[in-house]
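Some notes on the structure that comes next.
2 protein chains.
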Amino acid sequence: MVKYEAIANEMRQRILTGTYPIESLIPDQISLAKEFRVSRMTMKKALDILAMEGLIYRQRGSGTFVMKTALLNQQDSAVNEYEGLTKQLSGKKVTSKVIEFNVEFPSEEIMKHLMIKKKQPVYKLVRLRVVDGNPYVLEHTYMPVDLAVGLTEEILEQSIYRYIHEELDLHFGGAFRKIHADKSSHYDQEYLNCKIDDPILEVEQVVYLKDGRPFEYSRSRHRYDTRSYTISDINRNN
Amino acid sequence: MVKYEAIANEMRQRILTGTYPIESLIPDQISLAKEFRVSRMTMKKALDILAMEGLIYRQRGSGTFVMKTALLNQQDSAVNEYEGLTKQLSGKKVTSKVIEFNVEFPSEEIMKHLMIKKKQPVYKLVRLRVVDGNPYVLEHTYMPVDLAVGLTEEILEQSIYRYIHEELDLHFGGAFRKIHADKSSHYDQEYLNCKIDDPILEVEQVVYLKDGRPFEYSRSRHRYDTRSYTISDINRNN
DNA sequence: GAGTGGTCTAGACCACAGT
DNA sequence: CTGTGGTCTAGACCACTCA
Numbered sequence: 001m002v003k004y005e006a007i008a009n010e011m012r013q014r015i016l017t018g019t020y021p022i023e024s025l026i027p028d029q030i031s032l033a034k035e036f037r038v039s040r041m042t043m044k045k046a047l048d049i050l051a052m053e054g055l056i057y058r059q060r061g062s063g064t065f066v067m068k069t070a071l072l073n074q075q076d077s078a079v080n081e082y083e084g085l086t087k088q089l090s091g092k093k094v095t096s097k098v099i100e101f102n103v104e105f106p107s108e109e110i111m112k113h114l115m116i117k118k119k120q121p122v123y124k125l126v127r128l129r130v131v132d133g134n135p136y137v138l139e140h141t142y143m144p145v146d147l148a149v150g151l152t153e154e155i156l157e158q159s160i161y162r163y164i165h166e167e168l169d170l171h172f173g174g175a176f177r178k179i180h181a182d183k184s185s186h187y188d189q190e191y192l193n194c195k196i197d198d199p200i201l202e203v204e205q206v207v208y209l210k211d212g213r214p215f216e217y218s219r220s221r222h223r224y225d226t227r228s229y230t231i232s233d234i235n236r237n238n
Numbered sequence: 001m002v003k004y005e006a007i008a009n010e011m012r013q014r015i016l017t018g019t020y021p022i023e024s025l026i027p028d029q030i031s032l033a034k035e036f037r038v039s040r041m042t043m044k045k046a047l048d049i050l051a052m053e054g055l056i057y058r059q060r061g062s063g064t065f066v067m068k069t070a071l072l073n074q075q076d077s078a079v080n081e082y083e084g085l086t087k088q089l090s091g092k093k094v095t096s097k098v099i100e101f102n103v104e105f106p107s108e109e110i111m112k113h114l115m116i117k118k119k120q121p122v123y124k125l126v127r128l129r130v131v132d133g134n135p136y137v138l139e140h141t142y143m144p145v146d147l148a149v150g151l152t153e154e155i156l157e158q159s160i161y162r163y164i165h166e167e168l169d170l171h172f173g174g175a176f177r178k179i180h181a182d183k184s185s186h187y188d189q190e191y192l193n194c195k196i197d198d199p200i201l202e203v204e205q206v207v208y209l210k211d212g213r214p215f216e217y218s219r220s221r222h223r224y225d226t227r228s229y230t231i232s233d234i235n236r237n238n
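Residue numbers (the UniProt record's numbering), protein chains in the order written: chain A, 1 to 238; chain B, 1 to 238.
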């Protein structure tokens, strides 16, 4: 653990436990640097983390304050969507029903999203994710075979992401998503058990590896009444 | 303009114009620091920006590479949603029809979202935003009167955000959003001119000022066929 | 003018990858 | 072992706020 992370953790605790109350001025960087016995640059780097998290804000000339919203939003399940459902809903019982598992050559659209050639095979899979017995999301997924090599039905029924991380030792760098509303298709109605006029929340995403190679293109179709997508966007610049 | 931003701009140009091609190794930090006549820490800070933008990735021990995806995603209209429609769609003709403009005491829910007291009045307004003559989004907005003081119908018909920034000199720190799909109400059908079984994409958001005070709570209801919500999430950690 | 946070430096040490 | 990027330091200067 590097110093600035350790300090950020300590400072976060002080905010969450009220040692530094909401809207209060906290000590200046020089005092804090002295207290933690680090240089001021390192202290600032620790505070940068808390600012990114929306816990503090800084006003040049005035000082550093605890944000009014500091005690909210202590959940970040939004951004790490591609970590997989299994990890996100770790309290609940998540199972997967594999509806389709094939290999094929990519369509024009898939080629574009995964940045691959015409004759580079992809896995195509459709999975229904079931949470505590209720149908939750219907996922249509495409992955290049050479990146996700060695998939089996057994893996699909559990967590693909665990396999990717632990067995293949591949790590994600980010994702690009689009969110739409859509009418439900017969397919949705059948598997998600929704009514004919129920809308669908579709999340279309491309997940990238750390080096920027596209790893997965998927469309996740959610029942409109069980899922909302959450985004927090705090202190992005300065 | 600070040094690291200027250097980041120059490096970004080199990537976008192909001076540093896709997937290539770029010079090491020490060489670059020499070239730009800055310290290595400053050079690293410039590269940090490009990494956040998803243009490069760095491998300790190996070097810094241009991401395969560097030439994509050169649009970021997603994250700055609260900058307002007028700014986002600056090529098109955006008008607003004010459907409701009132002042009232907040409901329980509004009190919670805006973190205000029971007797603190709020503006309630409903606007239909029209882009190039087509109904685009129906916005239900609540703002504390003491923060958005002095709103007039005239301002509402143009850009609220311009008024807030330029006249009131208030600046945003971030936003917190939830995205749902929903069935259309009679209200939606009337103003958005959509069919009875058309779904709606609703974006519910709280916008915060830099000091964390909630400034606006709104629900924006979009036609499902004209709007998708885009999120890019690259290199968030490391 | 005193105190704050933001930037920048020159140099050091460390962790890691490739040889 | 060499070269890479990540961290950390001690000190300097600057921009800004507030009394």
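From the three backbone atoms N, C-alpha and C, an ideal C-beta is built for every residue, glycine too.
Quiz item: So with Cβ pairs under 7 Å, would you call B/Ala175 a contact of chain A?
Solution: yes
Quiz prompt | Residue-level contact to chain B via CB, A/Ala6, 7 Å cutoff | solution = no
Quiz item: Out of curiosity, what's the CA-to-CA distance linking A/Pro214 and A/His113?
Solution: 7 Å
Quiz item: Helix, strand or coil: which one does DSSP assign to B/Ser184?
Solution: coil
Quiz item: CB of A/Arg40 to nearest heavy atom of the ligand NAP: below 6 Å?
Solution: Of the ligands one can find in the structure shown there are none, so the ligand NAP has no counterpart to examine.
Exercise. For B/Lys97, I'd like the list of residues in its chain whose CB is within less than 6 Å of its CB, leaving aside the five on either flank, ordered along the chain.
Key: Leu128
Quiz item: So with Cβ pairs under 7 Å, would you call B/Tyr187 a contact of chain A?
Solution: no
Quiz item: If you pair each beta-carbon of the region 144 to 159 of chain A with each one of the region 30 to 41 of chain B, do three or more pairs fall below 8 Å?
Solution: no
Self-check item: Option nearest residue 253 of chain B by Cα separation, candidates B/Tyr123, B/Ile26, B/Ser107
Solution: Residue numbering for chain B in the displayed model covers 1 to 238; residue 253 of chain B lies beyond these limits and cannot be assessed.
Quiz prompt | Span of the alpha helix (DSSP H), counted from its first residue to its last, around A/Gln158 | solution = Note, A/Gln158: premise wrong, no alpha helix (DSSP H); not H, not E.
Quiz item: Do we get a CB-CB distance below 7 Å when we pair B/Thr226 with the residues of chain A?
Solution: no
Exercise. Anything in the region 187 to 218 of chain B with a Cβ closer than 7 Å to a Cβ of chain A? List those residues in chain order, please.
Key: Asp197, Pro199, Ile200, Leu201, Tyr208, Lys210, Asp211, Gly212, Arg213
Exercise. Give a yes or no on whether the minimum CB-CB distance between residue 239 of chain A and chain B is below 7 Å.
Key: In the structure as shown, chain A starts at 1 and stops at 238, and residue 239 of chain A therefore has no counterpart that could be examined.
Quiz item: In three-state terms, what does DSSP make of A/Ala70?
Solution: coil
Quiz item: Between A/Ser77 and chain B, is there a C-beta pair that is closer than 7 Å?
Solution: Because A/Ser77 sits at a pLDDT of 41, beneath the cut-off of 50, its placement in the model cannot be relied upon, and the following sentence gives the value as read from the coordinates. No, no contact with chain B.
Practice problem: Go through its chain and collect everything with a Cβ distance to B/Asp225's Cβ below 8 Å, but skip five positions before and after it. | Solution: Asp198
Exercise. Can you check DSSP and say which residues form a bridge with B/Asn102?
Key: B/Lys124
Quiz item: Does DSSP put A/Asp48 in a helix, a strand or coil?
Solution: helix
Quiz item: Name the DSSP bridge partner or partners of B/Gln205?
Solution: B/Arg177, B/Ser218
Quiz prompt | Nearest candidate by alpha-carbon position, reference B/Phe65, set B/Leu72, B/Tyr57, B/Leu71 | solution = B/Tyr57
Quiz item: Should the region 199 to 211 of chain B be called in touch with the region 183 to 203 of chain A, which here means at least 3 C-beta pairs below 8 Å?
Solution: yes
Quiz prompt | CB contact check: B/Tyr57 to chain A, cutoff 7 Å | solution = yes
Quiz item: What are the boundary residues of the beta strand (DSSP E) that includes A/Glu23?
Solution: Unbroken run through A/Glu23: none, as it is neither H nor E.
Quiz item: B/Asp198 bridges to which residues according to DSSP?
Solution: Answer is none; B/Asp198 lacks a bridge partner.
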